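The structure appears right after this line, and notes come after that.
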Amino acid sequence: MEDVYVLGIGMTPFGKHPDKSPADLGAQAVNLALSDAGVGRGDIGAAWVGHVFQGMAMGQRALYAAGISGIPIDNVENACSSGSTAIWDAALALRAGAYDIVLALGVEHMTTAFRGALAPDPSDIEAQLGLTMPGIYAMRAQRYMLQYGVEPQDIARIAVKNKRNAAMNPLSHFKKAVTLEEVMQGRLIADPLRMHECAPISDGAAAVVMVTKSKLKQLGGSRAIKLAASSLRSGRTEVGLVDMTVEDLTWRTAEAAYEQAGVGPGEIDFAEVHDCFSIAEALRVEGMGLVPHGEYVARVGKGEMDLNGILPVNGSGGLLGKGHPLGATGVAQVVELVKQLRGDAGERQIENAKIGVAHCRGGKAQGVEGTACTVNILVA
Amino acid sequence: MVNLDEAEVSPRADNFVIENGKVRLRASKCGSCGAVFYPPRSICPGDGTSSMEDALLSSAGTVYTFTVARQSTPEFRTPYVLVYVDFPENVRVLLPFDGSEPPSIGGKVEIVMANGPRQENDELISMPHAKLGL
Chain Y
144 MEDVYVLGIG MTPFGKHPDK SPADLGAQAV NLALSDAGVG RGDIGAAWVG HVFQGMAMGQ
204 RALYAAGISG IPIDNVENAC SSGSTAIWDA ALALRAGAYD IVLALGVEHM TTAFRGALAP
264 DPSDIEAQLG LTMPGIYAMR AQRYMLQYGV EPQDIARIAV KNKRNAAMNP LSHFKKAVTL
324 EEVMQGRLIA DPLRMHECAP ISDGAAAVVM VTKSKLKQLG GSRAIKLAAS SLRSGRTEVG
384 LVDMTVEDLT WRTAEAAYEQ AGVGPGEIDF AEVHDCFSIA EALRVEGMGL VPHGEYVARV
444 GKGEMDLNGI LPVNGSGGLL GKGHPLGATG VAQVVELVKQ LRGDAGERQI ENAKIGVAHC
504 RGGKAQGVEG TACTVNILVA
Chain L
82 MVNLDEAEVS PRADNFVIEN GKVRLRASKC GSCGAVFYPP RSICPGDGTS SMEDALLSSA
142 GTVYTFTVAR QSTPEFRTPY VLVYVDFPEN VRVLLPFDGS EPPSIGGKVE IVMANGPRQE
202 NDELISMPHA KLGL
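Listed in order, the protein sequences are those of chains Y and L. Its first residue numbered 144, the first sequence is counted upward by one per residue in this note's numbering. Its first residue numbered 82, the second sequence is counted upward by one per residue in this note's numbering.
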């Protein structure tokens, strides 16, 4: 099997883009990624394009705007993991030897597609009973507080950390740090979660050019970063009365990635994880086995997950600070890992960053523990 | 009897019966692995077998967790309280809560009919709710 490398990255600013169509945003990310990779449009063998609310043939529309057509284009919907699933698909095709240069793109124009709280699909029975995405994470936060003896302001520190990091990221939706007092004075969205603890409605796109090791040798690029693992799993049917603070889906996905990469959780230097809500970051990092269950929130309080801490988490600002254009999110996480591993992260640069992990987990469907989860491990 | 075909094609929020004044949710129990599912299914989502039997859940349970939803989609009138209720039949079900103050985790609830939080033409819909037990 061929080893896979990320050769080029591109990302638009995340935020509100009323003057740009989703195709414009997608094309902008693709153009940046091609130019970063130093390859031409004609070199791309196939493309996978992740999006959730963008309607028919988003991939073809975006690539047309970037001057690419005729090649296999696969539109990928996997809730918030759509973009990272596109990377998983692209990696499979490269490993199988079907192509040697491919593109993975994620794009979402949320401000025109959505308003208010995100909810499961309207046909889902829990959506019909009033469940929203903030609602499900708030209910998990209530259990976390009870089981591990933490208070809402302890969880809120995750939002303070991520918005502080986002203020150092020129592509972030939010560019202003917030204090714990400001987070705690924010409007309640679903108790105990307040406004700053919920990811914003953002527009944006991110793209990566991926190549096989043999193609990389031919091209001779020195800025390529190895995609040592890419794993995808779905949530299992929930039977009985399970502990909602434990993410079996996250663990199974991470475990597969650790095995593929040949690295253990103790060797991970930094992580980008799916912090759609403040509490989600705790559930994910614990779920990946990076911190024991129930300890994450206290460790954030001690600064261990800061950019200069022992395990920096969401140095990009995460979904809470950088923004969350659903389809683009998982690709943007990998873009951040590449920047860090190249030493190109500027003010956010993590010292001695050698092994980074990106975790993306999305959606809610009644009956299963989660919908889709991806874990990508990149090694410098 | 539960019309399983209907339930399977379109899981509905009104999968319940009222029996001797008690509201009971309609569920399925797998004759093979014993797992209980709400709403009813004709194929077991746990083991994939087709030996599902009708089951009615108890009319009371325990609050596993809760929240107050203060922002939602337009079909719902905010704020409203949501709870996950653990039933003695070993199944957890999401329900709206009848009451403006949320219950405590571990609180005993009974299942009652009440209006909301879903609305149609500005009228709240009657649906099963959890309510603090007497």
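For each residue, glycine too, the CB sits at the ideal point set by N, CA and C. Computed from a prediction, not measured in an experiment: that's the story for all the values here.
Alpha-carbon spacing of residue i relative to residue j, whole angstroms
i: Glu170 of chain L; j: Lys110 of chain L; result: 9 angstroms
i: Ser153 of chain L; j: Met133 of chain L; result: 34 angstroms
i: Leu206 of chain Y; j: Gly169 of chain Y; result: 7 angstroms
i: Phe168 of chain L; j: Gly378 of chain Y; result: 22 angstroms
i: Ala247 of chain Y; j: Gln200 of chain L; result: 41 angstroms
i: Ala367 of chain Y; j: Gly181 of chain Y; result: 11 angstroms
i: Gly114 of chain L; j: Asp128 of chain L; result: Here residue 114 of chain L is Cys; the residue named in the question, Gly, does not match the sequence. If I take the Cα positions, the gap works out to 7 angstroms.
i: Met327 of chain Y; j: Arg504 of chain Y; result: 26 angstroms
i: Met338 of chain Y; j: Asp297 of chain Y; result: 15 angstroms
i: Val162 of chain L; j: Glu156 of chain L; result: 15 angstroms
i: Leu274 of chain Y; j: Val104 of chain L; result: 21 angstroms
i: Leu462 of chain Y; j: Glu429 of chain Y; result: 18 angstroms
i: Met276 of chain Y; j: Gly292 of chain Y; result: 24 angstroms
i: Ala414 of chain Y; j: Pro313 of chain Y; result: 19 angstroms
i: Ala404 of chain Y; j: Ile498 of chain Y; result: 10 angstroms
i: Ala108 of chain L; j: Tyr145 of chain L; result: 19 angstroms
i: Gln271 of chain Y; j: Val303 of chain Y; result: 33 angstroms
i: Gly142 of chain L; j: Val190 of chain L; result: 5 angstroms
i: Pro135 of chain L; j: Ala150 of chain L; result: Note that residue 135 of chain L corresponds to Asp in the displayed sequence, not to Pro. The straight-line gap from Cα to Cα measures roughly 32 angstroms.
i: Ala211 of chain L; j: Ile192 of chain L; result: 5 angstroms
i: Pro408 of chain Y; j: Glu251 of chain Y; result: 31 angstroms
Element boundaries [alpha helix (DSSP H), containing residue i]
i: Lys360 of chain Y; result: Lys356 to Leu362
i: Ala320 of chain Y; result: Counting along the chain, Ala320 of chain Y falls outside any alpha helix (DSSP H), and DSSP gives it neither H nor E.
i: Val474 of chain Y; result: Leu469 to Arg485
i: Asp167 of chain Y; result: Pro165 to Ala180
i: Thr148 of chain L; result: Run containing Thr148 of chain L: none in the alpha helix (DSSP H); it sits in the beta strand (DSSP E), Ala141 to Ala150.
i: Asp232 of chain Y; result: Ser225 to Arg238
i: Leu462 of chain Y; result: Gly461 to Lys465
i: Gly202 of chain Y; result: Met201 to Ala208
i: Ala256 of chain Y; result: Met253 to Ala256
Per-residue burial, residue i [other beta carbons within 10 Å of its own, 16 or more giving buried]
i: Ala508 of chain Y; result: buried
i: Gly144 of chain Y; result: Just to set this straight, residue 144 of chain Y is Met in the shown sequence, not Gly. Met144 of chain Y is exposed by the Cβ-count criterion.
i: Lys360 of chain Y; result: exposed
i: Met194 of chain L; result: exposed
i: Gly158 of chain Y; result: buried
i: Asp243 of chain Y; result: buried
i: Val382 of chain Y; result: buried
i: Glu494 of chain Y; result: exposed
i: Met199 of chain Y; result: exposed
i: Val385 of chain Y; result: exposed
i: Asn202 of chain L; result: exposed
i: Asn457 of chain Y; result: buried
i: Ala425 of chain Y; result: buried
i: Ile279 of chain Y; result: buried
i: Ser365 of chain Y; result: exposed
i: Val98 of chain L; result: exposed
i: Arg173 of chain L; result: buried
i: Ser123 of chain L; result: exposed
i: Ile344 of chain Y; result: buried
i: Asn308 of chain Y; result: buried
i: Gly513 of chain Y; result: buried
i: Lys319 of chain Y; result: exposed
i: Asn451 of chain Y; result: exposed
i: Ile268 of chain Y; result: buried
i: Asp418 of chain Y; result: buried
Minimum Cβ-Cβ distance from residue i to chain A less than 7 angstroms
i: Pro177 of chain L; result: The displayed structure is made up of protein chains Y and L, and chain A is not among them.
Residue range of the beta strand (DSSP E) that includes residue i
i: Met208 of chain L; result: Glu204 to Leu213
i: Gly151 of chain Y; result: Val147 to Met154
i: Ile216 of chain Y; result: Ile216 to Val219
i: Met133 of chain L; result: Met133 to Leu137
i: Leu163 of chain L; result: Tyr161 to Phe168
i: Arg105 of chain L; result: Lys103 to Cys111
i: Ala372 of chain Y; result: Ile368 to Ser377
i: Leu175 of chain L; result: Val172 to Pro177
i: Met194 of chain L; result: Lys189 to Glu201
i: His502 of chain Y; result: Ile498 to Gly505
i: Gly259 of chain Y; result: It is not in any beta strand (DSSP E) - Gly259 of chain Y carries neither H nor E in the DSSP assignment.
i: Phe157 of chain L; result: No beta strand (DSSP E) contains Phe157 of chain L, which DSSP labels as neither H nor E.
Exercise. Of the residues that make up the region 138-155 of chain L, which ones have a beta carbon closer than 9 angstroms to any beta carbon in chain Y?
Worked result: Under the 9 angstroms Cβ criterion, the region 138-155 of chain L contributes Tyr145, Thr146, Phe147, Thr148, Val149, Ala150, Arg151, Gln152, Ser153, Thr154 and Pro155.
Exercise. Counting only runs that start and end within the region 399-443 of chain Y, where is the beta strand (DSSP E) found for 3 or more residues in a row?
Worked result: Correct list: 413-415.
Problem set entry | Residues from the region 196-209 of chain L in contact with chain Y, defined by Cβ distance under 8 angstroms | Shown in chain order are the members of the region 196-209 of chain L whose Cβ falls below 8 angstroms from a Cβ of chain Y: Pro198, Arg199 and Met208.
Exercise. Which residues, in order along the region 281-294 of chain Y, keep a beta-carbon less than 9 angstroms from a beta-carbon of chain L?
Worked result: From the region 281-294 of chain Y, only Ala281, Met282, Arg283, Ala284, Gln285, Arg286 and Leu289 have a Cβ closer than 9 angstroms to chain L.
Exercise. What are the start and end residues of each continuous alpha helix (DSSP H) run of 4 or more residues lying completely inside the region 267-339 of chain Y, in chain order?
Worked result: The qualifying runs are 268-271, 276-291, 295-309 and 323-328.
Problem set entry | Contact set between the region 512-523 of chain Y and chain L, restricted to residues whose Cβ is under 7 angstroms from the partner | Residues of the region 512-523 of chain Y with a C-beta less than 7 angstroms from any C-beta of chain L: none at all.
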